[in-house]
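**Student:** Here it is, the structure in full.
Number of protein chains: 2
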Amino acid sequence: MPERDHSAAIGPIYLRVRDHIADQIEQGLLQPNSRLPSERVLAESNNTTRVTARLALAQLEAEGRIYRSNRRGWFVSPPRLVYNPTEDYSFSENVMAQGRTPATETLEVTPTEVTAWLASKTGLAEGDSLVRLRRRRQVDGRPVLVENIYLNARRLPGIERFDFNRSLWKLLREHYGLELVRKQIEMFPTALIDPQAEALGVTAGTAGLYVTRCSRDQDGCFVEFDEEFWLHDTLSIQVEVG
Amino acid sequence: MPERDHSAAIGPIYLRVRDHIADQIEQGLLQPNSRLPSERVLAESNNTTRVTARLALAQLEAEGRIYRSNRRGWFVSPPRLVYNPTEDYSFSENVMAQGRTPATETLEVTPTEVTAWLASKTGLAEGDSLVRLRRRRQVDGRPVLVENIYLNARRLPGIERFDFNRSLWKLLREHYGLELVRKQIEMFPTALIDPQAEALGVTAGTAGLYVTRCSRDQDGCFVEFDEEFWLHDTLSIQVEVG
DNA sequence: TCGCCAAACTGGTCTATACCAGATGAGCGA
DNA sequence: TCGCTCATCTGGTATAGACCAGTTTGGCGA
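Order-wise, the sequence lines are chains A and B. Per the numbering used here, residue 1 is the first one in the first sequence, and the count goes up by one each step. Per the numbering used here, residue 243 is the first one in the second sequence, and the count goes up by one each step.
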């Protein structure tokens, strides 16, 4: 964890308000997922205006210490979920192993085709048939990511008939005898914009982490392309190599 | 790349201003690293106020499309640097291979000791001696990261006497015959706060990516712990496994 | 020509206020 | 008891200013 400079007592108002709230969180006066006082109350109790209070809140949000729920208020962020994108794994099992409660919703299952963009990522030819799967996943009742999964329809006949609220990785293994290898993973921080922001119930522009994963089978045949949009404060990526 | 919804013509003013600027960037009317009109000009030409214009700019910044240079203005972000944290590599060579110009500055070299926090990361005992190295790295003249490196002083005798403006990885290999293996990597998005924000010349609270890497030698002996603070719009992490 | 200084310009911070839209909860009515 | 309505709460968006602190630049003077 980056170390904080606790010495500064002076400086801009909004940073002092930030420090004040951050201290309360660190001291446990504000528990994870509990609500902060409203912006108006924070402004008044710090002898400032709502605009400045919102600056302080935006800071804490950028640091991943608090999050907002649309028009409901600001809440203390729970610890980040540890996530290893290089491993085949069950989201649900991983979440439970960390003492949290997972949930998965399938938002959409649609047959579709390889676009130019997907062709560049997967190596398939434009127009090849895919099954597109869109899911939202929650931790302790809070949506933390939406994902678009593109499955190779030719390699996975009948895939569209399965229940996608369970682990996709187990499904591929048990029904198709697949072990996924040769993954290409890409990720970078960016803002969540509209289809994703809306699905997660956050304001457009909320900070997120964009992760893609392209998986192939033992023979190098393309199986699955996964595009994940995470809320930036909900995860910590951990990878071990060597 | 996450796909944008180009259909929306209505909605909040600040999102329309954002779309307007984003279109100009996509169409190449605004080149990478070129300056945007000032906030006051943007406000006036969009018939709105500076506060609203700043909301639009903050959106674009969160998306990684533009960045700001303290009190100098807003600039179009160049393409993200591709970075693979699992590989031993030379920052300079990687940057040059992508057609960009790297620079490294050593900010500090200090003997120090293992703290409780470092002990938990490295497995060393508290109080063991380390060499702490702080560097700032640039791409095309823009600082993109600062890093704190903690080197195992016992494993690397005389390390403090070297020139650290070159590749550390090459130094370890050539002078100590080391190949680093068994790396533990952790990363998550967070805001850059003060020692780092100041070193990068950005406002405290700017979005960043925090990356740590713990490297050991062939025998599992701790060699180096690296803590990197990247500007969030400057990199794309890419990893291949399997 | 060179170096310095001051004016003009930039974003950074802040006040005070307003209205809107979605979420919530108390209380009323069936 | 259950369900609905509506007042009240929340954050979301927006206006119209203000002053501050660095940066840049143009011009003046040596």
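By construction, the Cβ of each residue, glycine as well, lies at the ideal position given by its N, Cα and C atoms. Because the structure is a prediction, the values reported are computed rather than measured.
Keeping to the same chain, check which residues put their C-beta closer than 6 angstroms to that of residue 212 of chain A; ignore five residues upstream and five downstream.
**Tutor:** As a position in the first sequence, residue 212 of chain A is number 212, starting the count at 1. Around residue 212 of chain A: 186, 227.
**Student:** Under the three-state reduction of DSSP, which class applies to residue 435 of chain B: helix, strand or coil?
**Tutor:** Against the second sequence, residue 435 of chain B aligns to sequence position 193. Note: residue 435 of chain B maps to coil in three-state DSSP.
**Student:** Of all the beta strand (DSSP E) runs that stay within the bounds of the region 444 to 482 of chain B, which reach a length of 3 or more residues?
**Tutor:** Listed in chain order, the complete beta strand (DSSP E) runs (minimum 3 residues) inside the region 444 to 482 of chain B are 448 to 458, 464 to 473.
**Student:** Would you tell me roughly how many angstroms separate the C-alpha atoms of residue 225 of chain A and residue 478 of chain B, rounded to the nearest one?
**Tutor:** Looking up residue 225 of chain A in the first sequence gives position 225. Looking up residue 478 of chain B in the second sequence gives position 236. Taking the straight line joining both Cα atoms gives about 18 angstroms.
**Student:** What in chain B is Cβ-close to residue 183 of chain A, meaning under 9 angstroms?
**Tutor:** Residue 183 of chain A sits at position 183 when you count from the first residue of the first sequence. The answer, in chain order, is 481, 482, 483, 484.
**Student:** Check the Cβ of residue 262 of chain B against every Cβ in chain A and list those closer than 9 angstroms, keeping chain order.
**Tutor:** The sequence position of residue 262 of chain B within the second sequence is 20, counting from 1. The contacting residues do not exist; residue 262 of chain B stays about 15 angstroms from chain A at best.
**Student:** How many whole angstroms separate the CB atoms of residue 245 of chain A and residue 136 of chain A, which I take to be in contact at a CB cut-off of 8 angstroms?
**Tutor:** This structure cannot speak to residue 245 of chain A, because chain A is shown only from 1 to 242.
**Student:** Using the C-alpha atoms, what's the distance from residue 160 of chain A back to residue 95 of chain A?
**Tutor:** As a position in the first sequence, residue 95 of chain A is number 95, starting the count at 1. As a position in the first sequence, residue 160 of chain A is number 160, starting the count at 1. Roughly 26 angstroms between the two C-alpha positions.
**Student:** Once the 5 residues before and after residue 32 of chain A are set aside, which same chain residues still bring their CB inside 6 angstroms of it?
**Tutor:** Stepping through the first sequence from its first residue, residue 32 of chain A is reached at position 32. If we look at residue 32 of chain A and ignore the five residues flanking it on each side, its Cβ neighbours are 76, 78.
**Student:** Identify which residue in B/276, B/277, B/341, B/287 has its Cα closest to the Cα of residue 262 of chain B.
**Tutor:** Within the second sequence, residue 262 of chain B is the residue found at index 20, counting from 1. Selected option, being the one with the closest Cα: B/287.
**Student:** Taking residue 112 of chain A as the reference, which of A/129, A/47, A/68, A/97 has the closest Cα?
**Tutor:** Taking the first residue of the first sequence as position 1, residue 112 of chain A is located at position 112. Comparing Cα positions, the closest option is A/129.
**Student:** Using the three-state DSSP reduction, which class does residue 75 of chain A fall into: helix, strand or coil?
**Tutor:** As a first step, residue 75 of chain A is located in the first sequence; it is residue number 75 there, counting from the start. Looking at residue 75 of chain A - three-state DSSP - the assignment turns out to be strand.
**Student:** In this structure, does DSSP put residue 349 of chain B in helix, strand or coil?
**Tutor:** Counted from its first residue, the second sequence places residue 349 of chain B at position 107. Strand at residue 349 of chain B.
**Student:** Using a Cβ-based criterion (distance less than 7 angstroms to any ligand heavy atom), does residue 236 of chain A qualify as near the ligand PLP?
**Tutor:** No copy of the ligand PLP occurs in the structure displayed, which carries no ligand at all.
**Student:** Counting only beta-carbon atoms, is residue 232 of chain A nearer than 8 angstroms to chain B?
**Tutor:** Position 232 of the first sequence holds residue 232 of chain A. Yes, contact with chain B.
**Student:** Along the region 187 to 205 of chain A, what residues have a CB closer than 9 angstroms to any CB found in chain B?
**Tutor:** Going along the region 187 to 205 of chain A in chain order, one finds 187, 188, 189, 190, 191, 192, 193, 194, 195, 196, 204, 205 with a Cβ nearer than 9 angstroms to chain B.
**Student:** When we look at the beta-carbon of residue 152 of chain A and count the other beta-carbons within 10 Å, is it buried (16 or more) or exposed?
**Tutor:** Residue mapping note: residue 152 of chain A aligns to position 152 of the first sequence, counting from 1. By the 10 Å Cβ count, residue 152 of chain A comes out buried.
**Student:** Out of curiosity, what's the CA-to-CA distance linking residue 13 of chain A and residue 481 of chain B?
**Tutor:** Counting from 1 along the first sequence, the entry for residue 13 of chain A is found at position 13. Counting from 1 along the second sequence, the entry for residue 481 of chain B is found at position 239. Those two C-alpha atoms are separated by around 42 angstroms.
**Student:** Less than 8 angstroms between CB atoms is the rule here; does residue 328 of chain B satisfy it with respect to chain A?
**Tutor:** Against the second sequence, residue 328 of chain B aligns to sequence position 86. Interface residue, yes.
**Student:** Is the shortest distance between the beta-carbon of residue 31 of chain A and the beta-carbons of chain B less than 8 angstroms?
**Tutor:** As a position in the first sequence, residue 31 of chain A is number 31, starting the count at 1. Not closer than 8 angstroms to any Cβ of chain B, the Cβ of residue 31 of chain A fails to qualify, so no.
**Student:** Shorter than 8 angstroms from the beta carbon of residue 63 of chain A to some beta carbon of chain B?
**Tutor:** For the purposes of this step, residue 63 of chain A is taken as the residue at position 63 of the first sequence. Yes, contact with chain B.
**Student:** Mapping DSSP to helix, strand and coil, what is residue 424 of chain B?
**Tutor:** As a working mapping, residue 424 of chain B is identified with position 182 in the second sequence. Three-state DSSP puts residue 424 of chain B in a strand.
**Student:** What does residue 188 of chain A pair with, by DSSP beta-bridge criteria?
**Tutor:** Along the first sequence, one-based indexing puts residue 188 of chain A at 188. Residue 188 of chain A is bridged to A/210.
**Student:** Tell me the DSSP secondary structure of residue 398 of chain B in three-state form.
**Tutor:** Here the question's residue 398 of chain B lines up with position 156 in the second sequence. Looking at residue 398 of chain B - three-state DSSP - the assignment turns out to be coil, as it is neither helix nor strand.
**Student:** Ordered along the chain, which non-local residues of its own chain (more than five positions away) have a Cβ less than 7 angstroms from that of residue 302 of chain B?
**Tutor:** Within the second sequence, the letter at position 60 stands for residue 302 of chain B. The residues are 260, 263, 264, 308.
**Student:** Taking 8 angstroms as the CB-CB cut-off, is residue 415 of chain B touching chain A?
**Tutor:** Position 173 of the second sequence, counting from 1, holds the residue named residue 415 of chain B. No, residue 415 of chain B does not count as interfacial toward chain A.
**Student:** Going by C-alpha to C-alpha distance, which of B/463, B/390, B/304, B/342 sits closest to residue 475 of chain B?
**Tutor:** Taking the second sequence and counting its residues from 1, the one referred to as residue 475 of chain B is at position 233. The option with the nearest alpha carbon to residue 475 of chain B is B/304.
**Student:** When the Cα atoms are used, what is the spatial distance from residue 215 of chain A to residue 40 of chain A?
**Tutor:** Residue numbering aside, residue 215 of chain A sits at position 215 when the first sequence is read from its first letter. Residue numbering aside, residue 40 of chain A sits at position 40 when the first sequence is read from its first letter. Approximately 49 angstroms between the Cα atoms of the pair.
**Student:** Going by beta carbon distance, what residues of the same chain come within less than 6 angstroms of residue 15 of chain A, once the five residues before and after it are set aside?
**Tutor:** Counted from its first residue, the first sequence places residue 15 of chain A at position 15. Contacts found: none.
**Student:** According to DSSP, is residue 147 of chain A helix, strand or coil?
**Tutor:** Numbered from 1 along the first sequence, position 147 holds the residue referred to as residue 147 of chain A. In this structure, residue 147 of chain A counts as strand in the three-state DSSP scheme.
**Student:** Answer yes if the region 217 to 224 of chain A comes into contact with the region 191 to 204 of chain A, meaning at least three C-beta pairs across the two stretches below 8 angstroms, and no otherwise.
**Tutor:** The region 191 to 204 of chain A, when compared against the region 217 to 224 of chain A, does not touch it at the 8 angstroms Cβ threshold.
**Student:** Report the CB separation of residue 229 of chain A from residue 208 of chain A in whole angstroms; it is logged as a contact under 8 angstroms.
**Tutor:** Taking the first sequence and counting its residues from 1, the one referred to as residue 229 of chain A is at position 229. Taking the first sequence and counting its residues from 1, the one referred to as residue 208 of chain A is at position 208. With a Cβ gap of about 6 angstroms, residue 229 of chain A and residue 208 of chain A count as contacting.
**Student:** Taking its Cβ as the centre, do 16 or more other Cβ atoms sit within 10 Å of residue 249 of chain A, making it buried, or is it exposed?
**Tutor:** In the structure displayed, chain A extends from 1 to 242; residue 249 of chain A sits before or after that span and is not available.
**Student:** Pick out whichever of A/165, A/28, A/72 has its Cα sitting closest to the Cα of residue 38 of chain A.
**Tutor:** Indexing the first sequence from 1 puts residue 38 of chain A at position 38. Closest option to residue 38 of chain A, Cα to Cα, is A/72.
**Student:** Sorted by chain position, which residues of the same chain lie with C-beta nearer than 7 angstroms to residue 210 of chain A's C-beta, five sequence neighbours on each side aside?
**Tutor:** Here residue 210 of chain A corresponds to residue number 210 of the first sequence, with the count starting at 1. Here the set comprises 187, 188, 190, 229.
**Student:** Answer with yes or no whether the minimum CB distance from residue 322 of chain B to chain A is below 8 angstroms.
**Tutor:** The residue labelled residue 322 of chain B in the question sits at position 80 within the second sequence. Cβ-Cβ to chain A under 8 angstroms: yes for residue 322 of chain B.
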